[in-house]
Every structure is written in C-alpha cells, then in structure tokens.
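The structure appears right after this line, and notes come after that.
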Amino acid sequence: MPNTSIDVFPRRSILRLSLAAAGAMALGQPLRALAAADAKQITVWKNPDCGCCLEWVAHLRKNGFEVVTQDVKDTAPVRKKLGLPDKFGSCHTARLGDYVLEGHVPARELQRLLREKPHALGLAVPGMPVGSPGMEMGDARDAYDVLLVLKDGSSRIYQSYPSKPPAKS
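So for the sequence shown, our numbering puts the first residue at 329; every next one is plus one.
See the structure below:
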C-alpha cells in the first residue's frame, strides 16, 4: 500500500491557501465599499443662519454625497487651517477626502474631482454666483468658473459655466 500522506499534505496546503485567499477577497469587498463611501463623505463648515449653504448641502445629498455639517460663525479660520487662501473665500468651506472645497461647487465637479484625482488643494467657486448650486434664482445664471486650487495657492479654471439670462414672462 503506497504512502499517500506526502501527496495529501500539499493538496491540503493548497486548499487552505485557496480558502484563505477567498476569505481575504470576501472581507476586502466591504472594506472597498467602506472606502468608496468615505470618498463621498463631505464635511461642511457653514454659518447656521445661511440659507444658501443649506441649499448647497441639499444639492450634494441629492447627488449621492453623505454630508456632515459643522455650524461656525466664521469660516475664515477653517479656510486658513485647511490652507486655502482667502482670495477664494465664499460662504462655506468643506472637506472631501484630502480636498478642500470652497463655495457653491457643483456636485458634478466633485464627482469629476474624485475620478481624476488631480494633485491639488481642491476646488473653489469664489463669491456667490447666481445660478450656482444653492444660489438658484429662477432660470437666471451668472457666468462663473470652478477653480482648481493648486497646492502653491495658484489656480486654474477647472470648469466654466456660462451665463443664462432670466426667462421672459
């Protein structure tokens, strides 16, 4: 009768390794899903009395982002802490992963930012342009630019939005 214990041991080892690999892959799926969920979580620092900030938060949630809000009287210290120059200031400041967001940035550009992952500080829509998310006033829209803010404090246009005159009644 041949000794099969030598032949069986490698098979068992291979089986164990296969099961361990399958288990690791199965456990990795929830971790990847958790990482993806975290990638869409935004923390927004805003004035508690600002209606347009609430509208921007609603826009983000409508577009699949999980939003945590922090009410502050002044967002300038938050901007400073996050390294965003004051020249990009608006009414609220946010954090999306490693990126800083300032102002009424459309969710579409945030999704693009997450896809492209540019080497940058973040995105900004300085001021409060009419027609930007949270600043809707009927059909009217000011022309505005979403700026890609680079780590050295400079910026370039990331996306332009044209103006749209109000509808005639």
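The beta-carbon is built from N, C-alpha and C at its ideal position, and this holds for glycine as well.
How about residue i and residue j: do their beta carbons lie closer than 8 Å?
i: Leu476; j: Phe416; result: no
i: Tyr427; j: Gly411; result: no
i: His387; j: Ala422; result: no
i: Lys368; j: His420; result: no
i: Val453; j: Gly481; result: no
i: Ser460; j: Asp473; result: no
So what does DSSP say about residue i, is it helix, strand or coil?
i: Lys368; result: coil
i: Val271; result: Outside the displayed range of the chain (329 to 497) lies residue 271, so it cannot be described from this structure.
i: Glu383; result: helix
i: Lys374; result: strand
i: Ala404; result: helix
i: Asp480; result: coil
So who's on the other strand from residue i, going by DSSP bridges?
i: Ala452; result: Glu430, Leu475
i: Ser488; result: Asp473
i: Met465; result: Ala468
i: Pro422; result: With the sequence shown as reference, residue 422 is identified as Ala, and Pro is not the correct amino acid for it. In DSSP, Ala422 forms a bridge with Val372, Leu429.
For residue i, does the count of other Cβ atoms within 10 angstroms reach 16, so buried, or fall short, so exposed?
i: Glu394; result: exposed
i: Ser418; result: buried
i: Met463; result: buried
i: Ser483; result: buried
i: Pro490; result: exposed
i: Val433; result: buried
i: Pro494; result: exposed
i: Val396; result: exposed
i: Ala448; result: buried
i: Gly351; result: Interpretation of Gly351 is limited by its pLDDT of 46, a score under 50 that renders its predicted location unreliable; the figure taken from the coordinates is listed afterwards. By the 10 Å Cβ count, Gly351 comes out exposed.
Which runs of the alpha helix (DSSP H), 4 residues or longer, sit entirely within the segment 425 to 450? 435 to 444
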